[in-house]
Amino acid sequence: MKTVTFELKDDEMFLLSGKGEENLRMIEESFGTRIVARGNVISMMGDMDCLEPASKAIESMISFVRDGRLLHPSDVKNIIKIVKENGNISEIYSDVILVSPKKKVIRPRTPGQKRYVECIRKNDIVFGIGPAGTGKTYLAVAMAVSSLLRREVDRIILVRPAVEAGEKLGFLPGDLQEKVDPYLRPLYDALHDMLESDRIKRYMENGTIEVAPLAYMRGRTLNDSFIILDEAQNTTGDQMKMFLTRLGFDSKTVVTGDITQIDLPDPKSSGLVQVQNILKGIPGIEFVYFSGEDVVRHELVQEIIKAYEIYESSRRERR
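Under the numbering used here, the sequence shown has 130 at position 126, and the numbering climbs by one with no breaks.
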């Protein structure tokens, strides 16, 4: 048995160890070590084979806290997973996409998210496919805002299909824009997390940022733009073709969706399902697939996604 110690500063112990020292307990259980926290010192005991990866995880957690970031249990799980896969933690967490007006640092937090961000940088069309909570839309919007602020594009166009799920649009109150606004709300929320309200209002008034339903895209050619199609599982094959052929010069497109949550009457007609076979292997087009391991919401969301995957798998076997 050997011992490794880590000396922390001021309130770092509380921020690092978590509620009831749950973060430290996760390290213990994952690497087979024993951890004792007293004052500002963490002592970790175990065999060297266990101590080496556990020490990397603790060091990453300390860097996380010293960067001014809140260390959630989901972050600790991601760090543990990356260490066990011999991944480069600093490479993932040092990739800063954007710093919001509230000094919130937006960056990838999982290997899957890191690959997604890199693919967006390198390709003109990227498809992000996976379950809710994996950051598909949020990171795409962050990349778009970052490109706009660096003047790599002249405008951002955020698009969503307005699929009627249980309520007819015609029965909703208000004009057409007021009818479709609820469908676009997640995109507005992401924008407000990254830009000041006054700047968003100014950008939307002068057309620098446009948030629109998919039907508004027909007949347009979008040059010098960063275009995002969200909830793409609810497009038809014809709509997907129409959207993708809007791409103009010096533009970039990101398409996001979850093919397990299709609201169309015939799920097989989903444009996001079809496009994977149609465009696979074309240079400049990349498909990134997320899993439950990339979920960065409440830790129960990962368990919910896993439970549904097991349920759907058993249904397919019974058929």
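Quick reminder that beta carbons are idealized off the backbone N, C-alpha and C, glycines included.
Contact the segment 71-91 vs the segment 28-46: 3+ CB pairs below 8 Å: Taking 8 Å as the limit for Cβ pairs, the verdict is that the segment 28-46 does touch the segment 71-91.
Reference Thr260; option with closest CA among Asp202, Val40 and Asn238: Selected option, being the one with the closest Cα: Asn238.
Meets three-Cβ-pair contact criterion under 8 Å: the segment 142-156 and the segment 309-316: Too few Cβ pairs lie closer than 8 Å, so no.
Integer-rounded CB distance, given that Ala61 should sit under 8 Å from Leu102: Actually they are not in contact, since the Cβ atoms of Leu102 and Ala61 sit about 27 Å apart, beyond 8 Å.
Rounded straight-line distance, which links the Cα of Glu25 to that of Ala58: Rounded to the nearest angstrom, the two C-alpha atoms are 16 Å apart.
From Gly43, Ser274, Thr240 and Thr264, residue whose alpha carbon lies closest to that of Ser295: For Ser295, the nearest C-alpha among the options comes from Thr264.
Gly223 to Asp128 span [Cα, whole Å]: When rounded, the distance between both Cα atoms is 20 Å.
Among Asp262, Gly275 and Leu218, the one whose alpha carbon lies nearest that of Thr240: When only C-alpha atoms are compared, the closest one is Gly275.
Whole-angstrom C-beta distance between Val279 and Met246, which should lie under 8 Å: Actually they are not in contact, since the Cβ atoms of Met246 and Val279 sit about 12 Å apart, beyond 8 Å.
Arg42 - DSSP class collapsed to helix/strand/coil: Three-state result, Arg42: strand.
Distance between Glu16 and Arg70 (C-alpha atoms, nearest Å): Straight through space, the alpha carbons of Glu16 and Arg70 are spaced by roughly 8 Å.
Whole-angstrom distance between Thr212 and Val258, CA atom to CA atom: Taking the straight line joining both Cα atoms gives about 18 Å.
Bounding residues of the alpha helix (DSSP H) (the contiguous stretch that carries Leu233): DSSP places Leu233 in no alpha helix (DSSP H) but in the uninterrupted beta strand (DSSP E) bounded by Ser229 to Leu233.
Short Cβ contact (9 Å threshold) for Met198 with Ile110: Contact flag set, yes.
Span of the alpha helix (DSSP H), counted from its first residue to its last, around Val145: Bounds of the alpha helix (DSSP H) holding Val145 are Lys140 to Leu153.
Residue(s) in a DSSP beta bridge with Leu251: Bridge partners of Leu251: Leu226.
Contacts around Leu12, its chain only, beta-carbon distance under 6 Å, and the 5 residues preceding and following it disregarded: Excluding sequence neighbours, Leu12 sits near Asn44.
Spatial distance of Glu56 from Thr7 (CA atoms): C-alpha separation (whole angstroms): 11 Å.
Among Glu321, Arg113, Ile231 and Asp99, the one whose alpha carbon lies nearest that of Pro217: Looking at Glu321, Arg113, Ile231 and Asp99, the one whose alpha-carbon comes closest to that of Pro217 is Ile231.
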